[in-house]
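See below for the structure under consideration.
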Amino acid sequence: MTQPFRGGADSYSSLLWPELRIGFRQDHLSVECGRVYQTLSNAPYRGGPGSGERFVNWKVPLSYDCTDPSAMMREALLGWGYDPESAVGLQTAAHLTHASFFEEAGDECRLLVCASAGTGNAARAGMARETFSAYEPGTVNLIVMVDGQMTESAMVNAVISATEAKSAAFADLDIRDHSHGCPATGTSTDAVLVAVSQSDRCRHVHRYAGAATTIGNAIGRLVYAAVHEAVRTQGEP
């Protein structure tokens, strides 16, 4: 359990994965890998199936214009001195100082999960509600780092496991949909990024990542713990 940036630190050194360079500035968090990772996400910048060497979670300014999030993200990346062609960008309205990190060495893999979270727009999937056509910055953003080998279908499975774990954390914290008062499954603007090294140092290729698999169970536990901590402490200094 760790929230390294609450105490004023500007970097976090993984105990299990020292190759990762995790940094924090006033308005964004960056995970730099030093090599290309295969990615799958709903990130507003270079989302979908793809690749990247740097993963950025940006707390957008109050003046943020959400009509073109990709263009604004690219401009921000250039301003920070990052290569926009090798980055994947998430955007949030939550406090990044309370981002939570959990990690473990698993079955032919190393895992690190980062969650930033706020619940001001908590929502329950499956119920009618007011909807919007324009993009809004995410409130629960998950970065799931995997040093190992996974098939593309297993990466989709990992997104499902991460999402289910997020919803479980919301349920256990009794977070409610503000429109209906029912238990929320997340917020209306959540994002998940799964990044996999595909390193052959790990001999086994994970073909599934559901709750009954070693890797899926681990992803679920880490996401649950990170979301639970980030949400539980969101109102603390």
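So the sequence shown is numbered by my numbering: it starts at 994 and just counts up by one.
Heads up, the beta-carbon is just placed ideally off N, CA and C, and yes, glycines get one too.
Asked	Found
Residue from Val1049, Asp1061, Ala1086 and Leu1089 whose Cα sits closest to the Cα of Gly1074	Val1049
Continuous beta strand (DSSP E) stretch holding Val1216: start and end	Note, Val1216: premise wrong, no beta strand (DSSP E); alpha helix (DSSP H) at Thr1207 to Arg1225.
Coarse secondary structure for Thr1132, derived from DSSP in three states	coil
Buried versus exposed call for His1199 [16 or more other C-beta atoms within 10 Å across all chains shown]	buried
Environment of Glu1222 [buried if 16+ CB atoms lie within 10 Å]	buried
Coil, strand or helix - Pro1230 by DSSP	coil
Same chain, Cβ closer than 7 Å to Met1148, five either side skipped, listed in chain order	Leu1033, Val1187 and Val1189
Nonlocal neighbours in the same chain, by C-beta distance under 8 Å from Asp1167, ignoring five residues either side	Pro1176
Val1053, DSSP secondary structure in three states	coil
Assigned exposure category for Glu1068 - 16 Cβ within 10 Å defines buried	exposed
Neighbourhood of Pro1077 by C-beta distance below 7 Å, restricted to the same chain and skipping five residues each side	Arg1067, Leu1070 and Leu1071
Expected contact under 8 Å - CB spacing of Ser1181 and Asn1114 to nearest Å	5 Å
8 Å Cβ cutoff met for Ala1036 and Ala1108	no
Closest residue to Tyr1005 among Ser1093, Thr1060 and Ser1192 (Cα-Cα distance)	Ser1093
Under the three-state DSSP convention, the category Met1065 falls into	helix
Of the listed residues Leu1104, Arg1196, Ser1154 and Lys1159, nearest to Leu1009 (C-alpha basis)	Leu1104
For Cys1195 and Glu1101, the rounded distance between their alpha carbons	5 Å
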